[in-house]
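**Student:** One structure, as structure tokens, below. Some questions next.
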Amino acid sequence: MAGWAVGLLMLNLISHMIINAGFLMPNFRGEEIPVGLGVIILISCVTVLAMSVIFLSPGLKEKSSVFLLTLALFTCLGLMDDFWGDAKCKGLAAHMKSLLTGNPTTGSLKALAGGMAALYISARSSAGPLLFIPVDAVIIALSVNAINLLDLRPGRAGKGFLFIIILVFIAFPLRQDILFASMAAGSLLAYLPLDLKSRAMMGDSGANALGSVLGLTAVWIFDLKLKIFYLAALVLLHVVAERSSLTTIISSNRLLDYLDRLGRNKKTP
């Protein structure tokens, strides 16, 4: 609730700031709307933790530092793509091919820097054997890119994040460290109506933020078997996305299409 309240209070302020800076892009109707409003997730979480960190246990205080570092790193990498990204280059494979041919894109640089960030964060967070560190790093990195893959239609990335986080809440209701994901979910809920109505775009800054929270939550909470299952699902999603269109797959399934369109304006594709 705290993340939602702070997000709601800051929503207009951040939106107007972005509009005044001229950081706008046309939506499907050709209307110029603010981009990069996903920074509200980072700002809301920092604000909530600044007011509550003194009440946390020593273990949660340490995790709050890792959480904010993760959120800040991946939000900044997303902003880089929002500001300087080339929309013509799509897909992880295409970005890496451009890098290998001597034409680096913001996407390829984001993938490299994000991979190093994920490795550092997993080294700080992994509680198991040394082998867990690269596994956890891949989980964080692919979680970030997975939310980016979903962020092609209004509200889709946010819904995907909320769906998985709700499942985690249900499966692990007694885990105290899930409160960090709840902060991010709360701030997302404050912003999501604007996204669904195509009045703002969260951008890569928001998609990266949500994906990093998802990955870090999995690293902290899942046991090895569940991590392997989750990692396999992430790999499958990326393989499917490289070979076909996720939007086409979703629109061809009545249930997925209904959930995908839920909350949007009827004229929104």
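Quick note on numbering: the numbering used here labels position 9 of the sequence shown as -7, and the sequence is numbered without any gaps.
Note that CB positions come from ideal geometry on N, CA and C, so glycine has one too.
Less than 7 Å between the C-beta atoms of A141 and A95, yes or no?
**Tutor:** Going by C-beta atoms, A141 is not nearer than 7 Å to A95.
**Student:** Hey, which unbroken runs of the alpha helix (DSSP H) at 4 residues or more fall wholly within the region 213 to 250?
**Tutor:** The region 213 to 250 contains these whole alpha helix (DSSP H) runs: 230 to 235 and 238 to 245.
**Student:** Thinking C-beta only, is R248 closer than 7 Å to I205?
**Tutor:** Not in contact: I205 and R248 (Cβ atoms no closer than 7 Å).
**Student:** Is DSSP giving L158 helix, strand or coil here?
**Tutor:** Note: L158 maps to coil in three-state DSSP.
**Student:** If you check the beta carbons only, do G22 and A155 fall under 7 Å apart?
**Tutor:** Contact: no.
**Student:** What are the residues that DSSP puts in a beta bridge with E16?
**Tutor:** DSSP output for E16 lists P10 as bridge partner(s).
**Student:** For N129, which option in G43, L176, K211 and S92 has the closest C-alpha, if you only look at C-alpha atoms?
**Tutor:** Of the candidates G43, L176, K211 and S92, the one whose C-alpha sits nearest the C-alpha of N129 is S92.
**Student:** Tell me the residue span of the alpha helix (DSSP H) that contains S41.
**Tutor:** Careful: S41 lies outside any alpha helix (DSSP H) and carries neither H nor E.
**Student:** Can you tell me which of the three DSSP states M186 falls into?
**Tutor:** Correct three-state label for M186: coil.
**Student:** So for D135, helix, strand or coil by DSSP?
**Tutor:** Here D135 sits in coil by DSSP.
**Student:** Grouping DSSP H, G and I as helix and E and B as strand, with all else coil, what is K181?
**Tutor:** If DSSP states are grouped into helix, strand and coil, K181 belongs with coil.
**Student:** Are the beta-carbon atoms of L(-3) and C29 separated by less than 7 Å?
**Tutor:** No, the pair does not count as a contact, with Cβ atoms beyond the cut-off.
**Student:** Going straight from the alpha carbon of F7 to that of V19, what length do you get?
**Tutor:** In a straight line, the C-alpha of F7 is about 6 Å away from that of V19.
**Student:** Let me confirm a value: M185 is counted as buried when at least 16 other C-beta atoms fall within 10 Å, else exposed. Which label applies?
**Tutor:** Burial call: buried.
**Student:** Assign W68 to one of two classes, buried (16 or more other C-beta atoms within 10 Å of its C-beta) or exposed (fewer than that).
**Tutor:** Its Cβ having fewer than 16 others within 10 Å, W68 is exposed.
**Student:** Can you look up T110 in the DSSP assignment and give me helix, strand or coil?
**Tutor:** Sequence check: residue 110 is Ser here, not Thr. DSSP places S110 in coil when its eight states are reduced to three.
**Student:** Could you pull out every residue in the same chain whose Cβ sits closer than 7 Å to the Cβ of L176, ignoring the five residues on either side in sequence?
**Tutor:** Contacts found: G139 and G142.
**Student:** According to DSSP, simplified to helix, strand and coil, what is T54?
**Tutor:** In this structure, T54 counts as helix in the three-state DSSP scheme.
**Student:** Note down, in chain order, each residue of its chain lying with its Cβ closer than 8 Å to the Cβ of L215, except the 5 sequence neighbours on either side.
**Tutor:** Closer than 8 Å at Cβ, skipping near neighbours: V119, V122, I123 and L126.
**Student:** Between A17 and R183, which are expected to be in contact by the criterion C-beta below 8 Å, what is the C-beta distance as a whole number of angstroms?
**Tutor:** It is Ile, not Ala, that sits at residue 17 in the sequence shown. Right, the Cβ-Cβ distance comes to about 6 Å (below 8 Å), so this counts as a contact.
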